[in-house]
Amino acid sequence: MKNKLFILLLSVLICSCETVQDVTNTQSNKQENKKTDFSLTPWVGKPVSDLLKHQKYGIPDSQKTVGEENIVTYRQIFNASGNLIDKNVNVNIFCRRSFVYKKDSIITNVIEEGSCQNTKDYLPLEDTNK
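Just add 864 to the spot in the sequence shown (first one is 1) and you have my numbering.
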């Protein structure tokens with residue numbers, strides 16, 4: 865009886881340690897992911913011509929004028945599919961990046977919608993080396 869109780873307690877202890885380790889790994893992975901998700905605010909103050917020449921942007925998906933502001937927008941849709949307990953799962957992840965500029969063609973604001981994951985490749989070229 866004591867042996868069974870000891871084995872039960874030992875297995876609970878081992879499972880608890882693995883759970884704590886998983887939580888710790890998950891938290892450290894989140895911190896690493898934050899390091900690779902960059903803000904697009906370095907674009908503010910840059911000429912819109914730099915954006916249009918950039919390798920990740922180029923020709924915008926849409927352009928519009930609202931009052932005295934012009935807005936260029938880039939859209940991305942990521943598709944993922946897989947199986948989950950005998951069911952097919954399809955997921956679409958949407959991201960829209962909009963850059964606002966005025967008549968002087970200098971970017972004044974950046975608007976991100978959806979699940980955008982920015983790397984250094986999305987920054988202005990002179991900021992990618994930092």
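Ideal placement from N, C-alpha and C gives every residue a C-beta, glycine not left out.
Check                                                                                                                                                                                     : Outcome
Which of the three DSSP states, helix, strand or coil, is assigned to residue 920?                                                                                                        : coil
Might you give, ordered along the chain, the residues of its own chain that have their beta carbon closer than 6 Å to the beta carbon of residue 977, omitting 5 neighbours on each side? : 960
Compute the minimum distance between the beta carbon of residue 933 and the heavy atoms of the ligand MN, and state whether it is under 7 Å.                                              : With respect to small molecules bound, the structure shown includes none, and the ligand MN cannot be examined in it.
Does the distance from the CB of residue 910 to the CB of residue 988 come in under 8 Å?                                                                                                  : yes
Skipping 5 residues on each side, what residues in its chain have a beta carbon closer than 6 Å to that of residue 939?                                                                   : 925, 960
Just the Cα atoms here: how many angstroms apart are residue 898 and residue 980?                                                                                                         : The pLDDT assigned to residue 898 is 46, lower than 50, so where the model puts this residue is not dependable; a value taken from the coordinates is nonetheless given after this. Answer to the nearest angstrom: the Cα atoms are 12 Å apart.
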